[in-house]
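Sequential numbering from 135 applies to the sequence shown in this note's numbering. Structure first, then comments.
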Amino acid sequence: MKILVVGGGGREHALVWRLGQSSRVEKIWCAPGNGGIAAEAECFPIDPGDVAALVELAGKLRPDLTVVGPELSLVNGIGDAFGQRKWPIVAPTAQAAQLEGSKIFSKEFMERHNLPTARRYGTYDQASNAYAALEGLPWPLVIKADGLCAGKGVIVAKDRAEAHDFIERALEKNELGPGGRRLLFEETLQGEELSFILLTDGQRYAPLVPTRDHKRALDGNQGPNTGGMGAYSTDELLPVELRDTIINTIVEPTMHGLAADGIRYQGFLYIGLMLTDSGPKILEFNCRLGDPEAQAILARADFDFAEALADVAAGRLEPRKLKWQTGASACLVLASGGYPGKFATGKRIEGTAAAERVSGVKVLHAGTRQQLAANGSSEMVTSGGRVLGVTAAGRTLNAALSSVYAGAEQIHFAGMHYRKDIGGHVMASRGGTAA
Ligand code: AMP
135 MKILVVGGGG REHALVWRLG QSSRVEKIWC APGNGGIAAE AECFPIDPGD
185 VAALVELAGK LRPDLTVVGP ELSLVNGIGD AFGQRKWPIV APTAQAAQLE
235 GSKIFSKEFM ERHNLPTARR YGTYDQASNA YAALEGLPWP LVIKADGLCA
285 GKGVIVAKDR AEAHDFIERA LEKNELGPGG RRLLFEETLQ GEELSFILLT
335 DGQRYAPLVP TRDHKRALDG NQGPNTGGMG AYSTDELLPV ELRDTIINTI
385 VEPTMHGLAA DGIRYQGFLY IGLMLTDSGP KILEFNCRLG DPEAQAILAR
435 ADFDFAEALA DVAAGRLEPR KLKWQTGASA CLVLASGGYP GKFATGKRIE
485 GTAAAERVSG VKVLHAGTRQ QLAANGSSEM VTSGGRVLGV TAAGRTLNAA
535 LSSVYAGAEQ IHFAGMHYRK DIGGHVMASR GGTAA
C-alpha cells in the first residue's frame, strides 16, 4: 500500500509512525508533514485546508489510501472530493464534519436524538441580545463560538465580566474570525473529562482505548487553555460499567442518529465526555483523532493499523481486529516558551536521539522543521507552539510516565516548557505522587 497522510502535527507523526510499521505499507507521503515526519515520509508543502491542492497531489501520487488528520481538511470537504472520485480515504463528509465545524449543528443533532449533553440556553448573533441574555443565567456559564476557532472558541465564564468580554471579542470586535459570529450559551457541567474515540465505517464501529488530555498550560490545571499539553491512556479510565453506559446511552444512539439523518460517517469520531454525577454527558464531537490523544492511543495499538484503515475506507471494518497492549501509555508535550501566547520559533532542538534511547520512547514531532545549519549540515529547529510529544507505552501508567519524563529530560531547546503532572491525578488517587 501507498498511503498519503494529510496534516503536519504530532497526531500526523503518530499516524505516519504506526502506518509505517505495517508490513503492507511500502510508501508514505505526507502533506505538509514536519521536521520529524520528513525522516519517515516524503513531504509536500501543501496547506491541509486547501482541498483542491490535495486533490491535485493525490491525482499525481495515486495513493491506495488517504488518511486525514486535521479538521480543516474535513470541514472543507476532502472526504467528499475524494469520495466523488472513488479514491479510498478515511474521512467523514463535510456534512458529517459539521458535528465539529458547527457547535450549533452539533447541539441540534444531540437534542434531536436525545443524547445526554449540557442544556442549551440560547444562540446569538447580535451582541445586544447576547448581553441581555446574561441576566438570570447561572454562573459559571459556557459560551461557545459556533465555528472553528483554532481551540480558542470556548469559554467557561466565571462571571458577567468574563462573559461580556468574550461576547464583545466575538460579536463586536470579530477577534475570533468568522467562526465567532454566532455564539451558543450552555449549562456548565461538572466532573472529570474523558475522551472516547471511535473508528467507524459508517455502520460498524470500534472504540479506541480511552484517553484523558490536559488542556491547561500549567501544572495543577492552571493557566490558559492550549491545544493540549499531554495525554495518557489506561484502561483504568474506563471501568466496564462506565464503558457499557457510554456505549448504551451515547455511542449507540449517536450511530443511530447519524443513520437516521442520512449522515455517512467514515473515520474517527471523537466524543468529548464529562463524567457528571448524573452520568456521562457529551461536551463535544470532533470528527478526527485528538492531538495529543492520538499519540497516546497509537502507542498502545497492537494491530495492523494500515489494514484497519483500509477496511474503514472500503466500508468493511472488522472491530475485533483492533487489539491493544494492556497497560498504559502517555504523551508529554514539550512547548515553546510563551505558548499558548506569543512565542519565538527557530530554536535549535537537541537531544531527541538521546530521548529515544530511553527504553520504549518515541519522540513525535509537531512544530519542528529541518534547516541548514551554519556548517552546512541539517539541524532540527522549532516552528510551532507545541514542538514535540514524548510518547511511550508501559506496563503501568507509572512506567509509561517514567519513560516519557526520562525522555523529556534528554531534550533541550531555548524556552522549552512542559507540564510535570501529566497523569498525575490518577497517580495521586492511588496514593502515589505525580512524576
Ligand atoms: P469543546 O471544544 O466544546 O470541547 O470545549 C473545550 C473545553 O471546554 C472542554 O474540553 C471542556 O473542558 C470545556 N467545556 C465545554 N463545554 C463545557 C460544558 N458544558 N461544561 C463544562 N465545561 C465545558
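Glycine included, each C-beta is placed from N, C-alpha and C at the ideal position.
Mind checking whether Leu531 and Gly494 have CB atoms under 9 Å apart?
In this structure, Leu531 sits away from Gly494, with a CB-CB distance that is not shorter than 9 Å.
Here's a check: name, in chain order, each residue in its chain whose Cβ is nearer than 6 Å to the Cβ of Lys415, leaving out the five neighbours to either side.
Taken in chain order, the residues that qualify are Pro250, Thr251, Leu323 and Met408.
Pro387, enclosing alpha helix (DSSP H) - first and last residue
Glu386 to Ala394 is the span of the alpha helix (DSSP H), which, as asked, contains Pro387.
Should the region 447-465 be regarded as contacting the region 325-344, the criterion being three or more beta carbon pairs within less than 8 Å?
Counting Cβ pairs under 8 Å, three or more are found: they touch.
Straight-line CA distance for Asp411 to Glu326?
C-alpha separation (whole angstroms): 10 Å.
Straight-line gap, Trp273 to Gly256 (C-alpha atoms, nearest Å):
Distance between the alpha carbons of Trp273 and Gly256: 15 Å.
On the premise that Cys465 lies in contact with Val538, defined as a C-beta separation below 8 Å, what is that separation, rounded to the nearest angstrom?
Sure, about 7 Å apart at Cβ, within 8 Å.
Rounded separation between Val150 and Pro387 - CA only
Cα to Cα, the separation comes out at about 32 Å.
State the Cα-Cα distance for the pair Ile397 and Asn210, rounded to the nearest angstrom.
Here the alpha carbon of Ile397 sits roughly 16 Å from the alpha carbon of Asn210.
Quick one: what does DSSP say His247 is sitting in, helix, strand or coil?
His247 carries a coil assignment under DSSP once its states are collapsed to helix, strand and coil.
Note down the Cα distance separating Gly541 from Val492, rounded to an integer number of angstroms.
If you take the alpha carbons of Gly541 and Val492, they lie about 6 Å apart.
The alpha helix (DSSP H) that contains Phe419, what's its start and end?
Run containing Phe419: none in the alpha helix (DSSP H); it sits in the beta strand (DSSP E), Gly413 to Asn420.
Can you tell me whether Thr322 sits near the ligand AMP, meaning its C-beta is under 8 Å from at least one heavy atom of the ligand?
Yes, Cβ of Thr322 sits closer than 8 Å to a heavy atom of the ligand AMP.
Answer yes or no: the CB of Val276 versus the heavy atoms of the ligand AMP, is any distance below 8 Å?
Residue side-chain check: Val276 places its Cβ nearer than 8 Å to a non-hydrogen atom of the ligand AMP.
Helix, strand or coil: which one does DSSP assign to Thr516?
Reduced to three states, the DSSP call for Thr516 is strand.
Euclidean distance between Cα positions of Gly391 and Ser512
In a straight line, the C-alpha of Gly391 is about 51 Å away from that of Ser512.
When every heavy atom of the ligand AMP is checked, does at least one fall within less than 8 Å of the C-beta of Val290?
Yes, Cβ of Val290 sits closer than 8 Å to a heavy atom of the ligand AMP.
When DSSP labels each residue in this structure, what does Arg482 get in the three-state scheme?
Secondary structure of Arg482 (DSSP, three-state): strand.
What would DSSP say about Asp555, mapped onto helix, strand or coil?
Coil at Asp555, not helix or strand.
One or two residues paired with Asn532 in a DSSP bridge
As far as DSSP is concerned, Asn532 takes part in no beta bridge.
Apply the 10 Å Cβ neighbour rule to Arg253 and answer buried if 16 or more other Cβ atoms are within range, or exposed otherwise.
So Arg253 counts as exposed.
Compute the distance between the beta-carbons of Thr479 and Val497, then report whether it is under 9 Å.
No, these two residues do not count as a Cβ contact at 9 Å.
Please confirm whether Gly354 and Pro426 have their CB atoms less than 9 Å apart.
Against a cut-off of 9 Å, the Cβ pair of Pro426 and Gly354 comes out as no contact.
Span of the alpha helix (DSSP H) holding Glu296?
Arg294 to Ile301 is the extent of the alpha helix (DSSP H) around Glu296.
By the 10 Å Cβ neighbour count, where 16 or more other Cβ atoms means buried, how is Gly566 classified, buried or exposed?
In this prediction, Gly566 scores a pLDDT of 39, lower than 50, which makes its location untrustworthy; the coordinate-derived value is nonetheless stated afterwards. Classification of Gly566: exposed, given that the 10 Å Cβ count is below 16.
Can you tell which of Val446, Gly314, Ala534 and Gly362 has its C-alpha closest to the C-alpha of Ser329?
Nearest neighbour of Ser329 by Cα position, chosen from Val446, Gly314, Ala534 and Gly362, turns out to be Gly362.
For Leu498, the three-state DSSP class (helix, strand or coil)
Strand.
When the Cα atoms are used, what is the spatial distance from Glu370 to Thr345?
The alpha-carbon atoms of Glu370 and Thr345 are separated by roughly 10 Å.
Proximity below 9 Å, CB of Pro226 to CB of Leu199:
For Pro226 and Leu199, no; Cβs fall outside 9 Å.
Mind checking which residues open and close the alpha helix (DSSP H) that includes Phe439?
Unbroken alpha helix (DSSP H) run through Phe439: Phe439 to Ala447.
Would you please state the rounded distance, in angstroms, between the beta carbons of Asp280 and Gly313? I believe it to be under 8 Å.
Correct: roughly 7 Å between the Cβ atoms.
In this structure, how does DSSP classify Asp347 when only helix, strand and coil are distinguished?
Three-state DSSP puts Asp347 in a strand.
Could you tell me which of Ala175, Gly518 and Ile545 sits nearest to Ile162, measuring between CA atoms?
Measuring from the Cα of Ile162, the nearest candidate turns out to be Ala175.
With C-beta atoms as the reference, is Gly169 less than 9 Å away from Arg520?
A distance of 9 Å or more separates the beta carbons of Gly169 and Arg520.
Is the distance from the Cβ of Arg158 to the Cβ of Glu490 below 9 Å?
A distance of 9 Å or more separates the beta carbons of Arg158 and Glu490.
Between Gly287 and the rest of its own chain, which residues show a CB-CB distance below 7 Å, the 5 nearest in sequence each way excluded?
Closer than 7 Å at Cβ, skipping near neighbours: Lys278, Ala279, Leu310, Gly313 and Gly314.
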